[in-house]
Each structure stands twice: as structure tokens, then as C-alpha cells.
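Student: As they're listed, the protein sequences go chains C and Y.
Using the numbering used here, the letters of the first sequence correspond one by one to residues 87 to 184.
Using the numbering used here, the letters of the second sequence correspond one by one to residues 26 to 156.
Glycine included, each C-beta is placed from N, C-alpha and C at the ideal position.
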Amino acid sequence: MPAIIDPDGVETVTMRELVDFEGLRIVEIGCGDGRLTFECAQEAASVLAFDSDEDAIRKARAETPRALRRRIRFEVADAAQLELPKGEFDLALFSWSL
Amino acid sequence: MHVLRQIHRALKPRGLLLDVHPLGNDFPVLAGERGIGFVDLRKFRAILEAMNESVRLVVSEDLFKELRTLRRHVVERYDTALEALEEADSWDNLRLPAPLRRRLQETKTTPIEFIDTVRYRLLTRRGRAFS
């Protein structure tokens with residue numbers, strides 16, 4: 087049985103206290119296995135999520151809820167080598183990865 | 026720095042940056058409700074400090090402005106001490122002090138919880154033109 091991270095849901099409550107994700111175009115750096123990505127994507131217009139860990143991205147893709155699949159794109163990439171389009175996103179989320 | 030400049034360029038004017046990071050304090054470990062020691066984050070703090078310096082730099086360059094910061098305790102819960110030890114063995118920059126490792130090896134009390142303090146820092150993009 088793997089760890090339960092944040093069983094009380096503190097992270098998502100705190101993030102929502104700071105940002106209303108409704109309709110946002112989000113880029114996430116350091117998404118890992120998508121734990122926070124899935125939360126944001128419930129309300130966001132889209133989430134482009136990166137991590138350098140191929141295994142984590144594979145897991146995130148496999149575990150993406152069907153209802154969120156059209157809104158999330160997971161990519162393997164190193165944050166230091168990212169090339170992103172200009173003026174495209176409303177929110178950048180750095181999950182333990184700045 | 027490269028990534029923060031990339032993000033500045035990729036965000037819309039007045040776009041937001043939400044940085045979610047552990048604060049870097051040594052964090053407590055609980056077996057059941059009893060504290061059994063602290064994880065040593067000395068090495069990790071140096072990495073965090075470099076990250077914080079990058080943020081300070083882009084704020085000083087007026088690329089971003091800090092809006093609000095919150096701190097919260099976030100729990101990582103394991104059903105057994107063995108699982109917690111396996112997780113700890115996968116860490117690169119965090120260290121279990123020997124007495125804590127021994128207590129984890131000996132305890133039968135569950136669950137095991139790591140209680141980290143996480144900082145949620147919200148910044149907004151400054152400047153009209155894309156850099």
C-alpha cells in the first residue's frame with residue numbers, strides 16, 4: 087500500500103484559497119504523478135503538465151480520470167529546457183520544482 | 026532562472042505563478058500519535074535557498090510581484106513503518122537520523138506520518154511586453 091499524501095486534502099483547499107482555477111489555462115512544472123494536476127483540472131480549461139520523471143508521467147497518464155482526459159496533457163521535459171509559447175497561460179503552477 | 030523567465034514569457038499579462046514548496050524545516054515523524062523524531066533537511070535547505078534566490082531575483086527585476094503566501098502542514102501517511110522506511114531510503118537530500126531510523130525499525134505503532142510544512146506562494150506577472 088503506497089503512502090497517502092495529504093489525507094486531509096489540505097493542499098487543494100489551500101491552493102483554492104489562493105487561486106480560482108475556473109476556466110484557467112494552466113502550465114504545471116514538476117507535476118509528478120499528477121496528484122495536484124487532477125485537482126486543478128477539475129475546474130481549469132486546460133492543463134499542460136511537465137515532469138522530467140518518465141515513470142511519473144507514465145503513471146499520471148494511466149491514472150488520468152476519463153472526464154479530465156481532454157483537458158490535461160502530460161509531457162516529459164526538464165524544467166531547465168522548457169520552451170513554451172508566448173502569452174498562452176493564465177497560471178503557472180510549480181509543484182515542488184522551481 | 027531560465028525557467029522563471031520562460032514562465033514570465035509564457036504567461037498572459039497579469040498571469041499568476043503559484044509556487045508550492047516545502048519550507049525546509051526539519052519535519053516531525055509520528056508513530057500513531059507519538060512523535061519519534063525529526064527528518065534532517067539540512068542538505069535540502071541549500072537547494073530551497075537557491076530556488077528562493079531565483080524568485081527574489083525575478084521579483085527584484087520586476088518580472089513578478091508577490092501577492093500572498095500561506096503555510097500549511099501536509100501529512101504523508103504510511104500504513105507501516107517498513108513502508109515509511111522504504112520511502113525514506115528513496116530520498117536524495119533528506120536524511121533520517123540514526124535514532125529515528127532505529128525507532129522506526131522497532132515501532133509496531135501505526136500509522137507512520139511525516140508532517141511537512143509547505144509554503145504556497147502566489148505571485149503575479151508584471152510588465153506588458155513579452156520578454
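Which residues of the segment 30-63 of chain Y have a Cβ closer than 8 Å to any Cβ of chain C? Give them in chain order.
Tutor: Listed in sequence order: Q31, I32, R34, A35, L36, K37, P38, G40, L41, L42, L43, D44, V45, H46 and P47.
Student: Counting contacts by CB-CB distance shorter than 8 Å, is G173 of chain C in contact with chain Y?
Tutor: The sequence position of residue 173 of chain C within the first sequence is 87, counting from 1. Yes, its Cβ sits closer than 8 Å to a Cβ of chain Y.
Student: Specify, as a first and last residue, the run of the alpha helix (DSSP H) that V105 of chain C falls within.
Tutor: Looking up residue 105 of chain C in the first sequence gives position 19. Counting along the chain, V105 of chain C falls outside any alpha helix (DSSP H), and DSSP gives it neither H nor E.
Student: Check each candidate in C:K145, C:F175 and C:D176 and name the one with the smallest Cα separation from E202 of chain C.
Tutor: Residue 202 of chain C lies beyond the stretch modelled for chain C, which goes from 87 to 184, so this question has no answer here.
Student: Distance cutoff 8 Å, beta carbons only. Does R70 of chain Y sit that close to anything in chain C?
Tutor: Locating residue 70 of chain Y in the second sequence gives position 45, counting from the first residue. No, its Cβ sits nowhere closer than 8 Å to a Cβ of chain C.
Student: Nearest chain Y C-beta to S132 of chain C closer than 8 Å, yes or no?
Tutor: By 1-based counting over the first sequence, the position of residue 132 of chain C is 46. With 8 Å as the cut-off, S132 of chain C does not count as an interface residue toward chain Y.
Student: Mind pulling the chain C residues with CB within less than 8 Å of R93 of chain Y?
Tutor: Position 68 of the second sequence holds residue 93 of chain Y. Here the neighbours are L104.
Student: Chain Y partners of I91 of chain C, CB-CB under 7 Å?
Tutor: Locating residue 91 of chain C in the first sequence gives position 5, counting from the first residue. The answer, in chain order, is E101.
Student: Using only the alpha-carbon positions, how far apart do R127 of chain Y and V100 of chain Y sit?
Tutor: Along the second sequence, read from residue 1 onward, the residue named residue 127 of chain Y stands at position 102. Along the second sequence, read from residue 1 onward, the residue named residue 100 of chain Y stands at position 75. Spanning the two alpha carbons is a distance of roughly 21 Å.
Student: According to DSSP, is L119 of chain Y helix, strand or coil?
Tutor: Taking the first residue of the second sequence as 1, we reach residue 119 of chain Y at position 94. Note: L119 of chain Y maps to coil in three-state DSSP.
Student: Out of C:E149, C:A153 and C:F180, which one is the CA nearest neighbour of A131 of chain C?
Tutor: By 1-based counting over the first sequence, the position of residue 131 of chain C is 45. It is C:A153 whose Cα lies nearest to the Cα of A131 of chain C.
Student: With DSSP as the reference, identify every bridge partner of G60 of chain Y, one or two as the case may be.
Tutor: Taking the second sequence and counting its residues from 1, one reaches residue 60 of chain Y at position 35. Answer is Y:L55.
Student: Kindly list, in the order they appear in chain Y, the residues whose Cβ is closer than 8 Å to that of L154 of chain C.
Tutor: Position 68 of the first sequence, counted from the first residue, corresponds to residue 154 of chain C. Within 8 Å Cβ-Cβ: nothing; L154 of chain C doesn't reach chain Y, min ~19 Å.
Student: Using 8 Å as the threshold, is the C-beta distance between G57 of chain Y and T135 of chain Y below it?
Tutor: Residue mapping note: residue 57 of chain Y aligns to position 32 of the second sequence, counting from 1. Residue mapping note: residue 135 of chain Y aligns to position 110 of the second sequence, counting from 1. Yes. Within cutoff.
Student: For P47 of chain Y, which beta-bridge partners are listed by DSSP?
Tutor: Position 22 of the second sequence holds residue 47 of chain Y. DSSP, once it has assigned bridges, lists Y:V143 as partnering P47 of chain Y.
Student: Whose Cβ in chain Y lies nearer than 8 Å to the Cβ of V62 of chain C?
Tutor: As shown, chain C starts at 87 and ends at 184. That puts residue 62 of chain C outside it, with no answer to give.
Student: Taking beta-carbon pairs under 9 Å, can you tell me which members of the segment 78-92 of chain Y lie near chain C?
Tutor: If the cut-off is 9 Å between Cβ atoms, the segment 78-92 of chain Y has S79, V80 and L92 near chain C.
Student: In terms of residue numbering, what span does the beta strand (DSSP E) encompassing K90 of chain Y cover?
Tutor: Mapped onto the second sequence, residue 90 of chain Y falls at position 65. Taken as a continuous stretch (DSSP letters only), the beta strand (DSSP E) holding K90 of chain Y covers F89 to Y103.
Student: How would you write the range of the alpha helix (DSSP H) that R157 of chain C sits in, first residue to last?
Tutor: To locate residue 157 of chain C, count along the first sequence from 1; it is residue 71. Looking at the DSSP string, R157 of chain C is not in any alpha helix (DSSP H), and its letter there is neither H nor E.
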